[in-house]
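> Numbering-wise, the working numbering comes out as the position in the sequence shown, counting from 1, plus 732. Cβ coordinates follow ideal geometry from the N, Cα and C atoms, glycine included. Remember, it's a predicted structure, so these values are computed and weren't measured experimentally. Can you keep this structure in mind? I'll have questions shortly.
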Amino acid sequence: MIADAISVSQNDMRKILGAASPEAALLYLYVQAGNDPARAEQELSLSTGRVSCAAATLRQMGLWPEERPVRVAPGERPDYTERDVLSAMDSDNSFRALYGEVQRLLGRSLNTEELKILLGFVRYLNLPAEVIQMLICYCKDRARQRGSSRNPSLRTIEKEAYAWAERGIDSIEEASAFIQAQNVRASRLSKLMQALQIRGRNLTPAEERYAQSWLEMGFDNETISMAYERTCLNTGGLNWAYMNKILQRWHGQGLHTAHAVQAGDKKTDVKAERRPLDADEAAAIKRMFQEG
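So this is what it looks like as structure tokens:
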């Protein structure tokens, strides 16, 4: 096993820590040191399943060395017919079983158009039945998180299926890693909303882009709360653009924790105290003493 010294960028480190996966962190260091990923199972004493899940987690974060090709090109979706659906139902036991399971998950019968979509998942996207079921459960959970009491439509699920295919999510390991990453992201956004005192509603798309960018910069909730307090003091409330400027400035200065921001403030105060007086300030002080 190669154990050469390696360097890890701050951005990669934040991604790894945010994933909360010891196996993924171990595999990342192993590969970055120049080792062959194919030997990870043996040299790290990890099972095949654990290595696969760790690799999938790194792949979702863009930290895996291999390039994942885009499997689905725009405009190439096949147009399945009712005859195709009937043929699949008659001759493909696995598709018939999948059809029954999807109906159970959605709590209703599927019409012909929806069966065409489902057939596309299997034949065009080449998604295994288990991955399709995980996809549907993921879409259901996301609908609940957004406050909907209804199950998503097959059209909605289809959009997510193509997004998964473009990401190369075509195995249980890949799907598990993606869902875990999304759950971590949702949890962090929820805590951020609490820090910003946002209750009783979801973030708008623009607000979510701001919030996600702050998390990707590596800020913790305490630091974001400090930026929020300063924003409210200076603007009278939550001003996303103003707060974003504060956090971007801290990010540019490498200040990502409350302690670092406070230390930076002290340095700024000391510099201000030691700054030599300009002509106007010196004249004002001179007049003050003369008048006294």
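Output yes or no for whether 7 Å exceeds the beta carbon distance between isoleucine 889 and isoleucine 868.
yes
> Where does methionine 793 sit, in a helix, a strand or coil, going by DSSP?
coil
> Would you report the Cα separation of arginine 855 and asparagine 767, rounded to the nearest angstrom?
So the two alpha carbons sit approximately 37 Å from each other.
> Counting beta carbon pairs with one atom in the region 938–955 and one in the region 973–984, are three or more of them shorter than 8 Å?
Counting Cβ pairs under 8 Å, three or more are found: they touch.
> Helix, strand or coil: which one does DSSP assign to glycine 984?
helix
> Using three-state DSSP, classify glutamine 912 as helix, strand or coil.
helix
> Alanine 788 and glutamate 905 - do their beta-carbons sit closer together than 7 Å?
yes
> Contact check, glycine 759 vs alanine 786 under 8 Å by CB: the rounded distance?
Looking at the sequence provided, one finds leucine at residue 759 rather than glycine. Indeed they touch by this definition, with Cβ atoms about 4 Å apart.
> What runs of the alpha helix (DSSP H), each 4 residues or longer, lie entirely inside the region 849–919?
861–877, 886–899
> Out of Val993, Ser908, Ala938, Trp972, point me to the one whose CA is closest to methionine 958's CA.
Val993
> Which stretch, first to last residue, makes up the alpha helix (DSSP H) that contains valine 763?
Taken as a continuous stretch (DSSP letters only), the alpha helix (DSSP H) holding valine 763 covers 754–764.
> In three-state terms, what does DSSP make of phenylalanine 827?
Here DSSP, grouped into helix, strand and coil, assigns phenylalanine 827 to helix.
> According to DSSP, simplified to helix, strand and coil, what is serine 841?
coil
> Is it buried or exposed, methionine 745, if we count other Cβ atoms within 10 angstroms and call 16 or more buried?
exposed
> Any beta carbon of chain C sitting closer than 7 Å to that of leucine 867?
Annotation note: the requested chain C is absent from the structure, which comprises a single protein chain.
> Using only the alpha-carbon positions, how far apart do valine 834 and proline 797 sit?
35 Å
> Among residues of its own chain, excluding the 5 on either side of lysine 1003, which ones have a beta-carbon nearer than 8 Å to its beta-carbon?
Legend: pLDDT at lysine 1003 = 47, less than 50; position of this residue unreliable, value from coordinates given subsequently. Excluding its 5 nearest sequence neighbours in each direction, lysine 1003 has no C-beta neighbour in its own chain below 8 Å.
> Does DSSP classify glutamine 926 as helix, strand or coil?
helix
> What do you reckon, are the CB atoms on isoleucine 738 and glutamine 774 nearer than 7 Å?
no
> Do the CB positions of isoleucine 901 and alanine 893 come within less than 7 Å of each other?
no
> Taking 7 Å as the threshold (C-beta atoms), are alanine 820 and leucine 851 in contact?
yes
> Taking only the alpha-carbon atoms, compute the straight-line gap between threonine 989 and arginine 931 and give it to the nearest angstrom.
When rounded, the distance between both Cα atoms is 25 Å.
> Give the straight-line distance between the Cα atoms of leucine 795 and aspartate 822, rounded to the nearest whole angstrom.
44 Å
> Just verifying my parser: in three-state terms, what is the DSSP assignment at valine 993?
helix
> Between which two residues does the alpha helix (DSSP H) holding arginine 941 run?
937–949
> Does DSSP put tyrosine 974 in a helix, in a strand, or in coil?
helix
> Under the three-state reduction of DSSP, which class applies to glycine 832: helix, strand or coil?
In this structure, glycine 832 counts as helix in the three-state DSSP scheme.
> What number of angstroms, rounded off, separates the C-alpha of asparagine 966 from the C-alpha of valine 740?
Distance between the alpha carbons of asparagine 966 and valine 740: 37 Å.
> When we look at the beta-carbon of proline 801 and count the other beta-carbons within 10 Å, is it buried (16 or more) or exposed?
The predicted position of proline 801 is uncertain, since its pLDDT is 46 and thus under 50; no value can be drawn from it.
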